[in-house]
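Counting along the sequence shown from 1, when you hit position 29 you're at 40 in the working numbering, and nothing is skipped either side.
Glycine residues also receive a C-beta, built at the ideal position from the N, C-alpha and C atoms.
Predicted model, so just to flag it, every value in this text is computed and none were measured.
Below: the structure, in structure tokens.
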Amino acid sequence: PAAAQAPDIDDPEDTGLQRNLKSLEGQLISDAREQGGSRKKAAELLGISPRTLRYKIARLREAGITLPERRSAAA
Numbered sequence: 012p013a014a015a016q017a018p019d020i021d022d023p024e025d026t027g028l029q030r031n032l033k034s035l036e037g038q039l040i041s042d043a044r045e046q047g048g049s050r051k052k053a054a055e056l057l058g059i060s061p062r063t064l065r066y067k068i069a070r071l072r073e074a075g076i077t078l079p080e081r082r083s084a085a086a
């Protein structure tokens with residue numbers, strides 16, 4: 012039997028699925044930021060490094076996914 016190939020995530024025909032996955036990832040990041048109160052705590056909740064979280068946030072914004080800004084503690 013032929014080995015299964017991983018889907019090409021850059022395939023323009025998969026943009027609907029990609030968009031949904033990015034949107035879900037954005038929601039998970041947003042929820043973790045609300046619960047954690049800081050990017051460091053949010054990264055811990057997600058099981059990733061703060062650097063990876065910053066990278067993911069930047070990539071989501073580049074993809075047009077709107078993430079709410081974290082509210083300041085002074086507000």
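Integer Cβ distance of residue i from residue j, believed to fall under 8 Å
i     : j     : result
LEU64 : ALA54 : 4 Å
Distance, residue j Cα to residue i Cα
i     : j     : result
LYS67 : GLY37 : 9 Å
GLU45 : THR77 : 15 Å
LEU71 : ASN31 : 12 Å
SER41 : PRO79 : 7 Å
ILE59 : ALA43 : 11 Å
LEU56 : LEU35 : 16 Å
GLY48 : THR26 : 32 Å
GLY5  : LYS33 : Absent from the model: residue 5. The displayed extent of the chain is 12 to 86, so no value can be given.
GLN29 : GLU73 : 14 Å
LYS51 : PRO61 : 5 Å
Considering only residues of the segment 24-48, which uninterrupted alpha helix (DSSP H) runs meet the minimum length of 4 residues and lie entirely inside it, listed in chain order? Assignment of alpha helix (DSSP H) within the segment 24-48, counting only whole runs of 4 or more residues, yields 26-47 in chain order.
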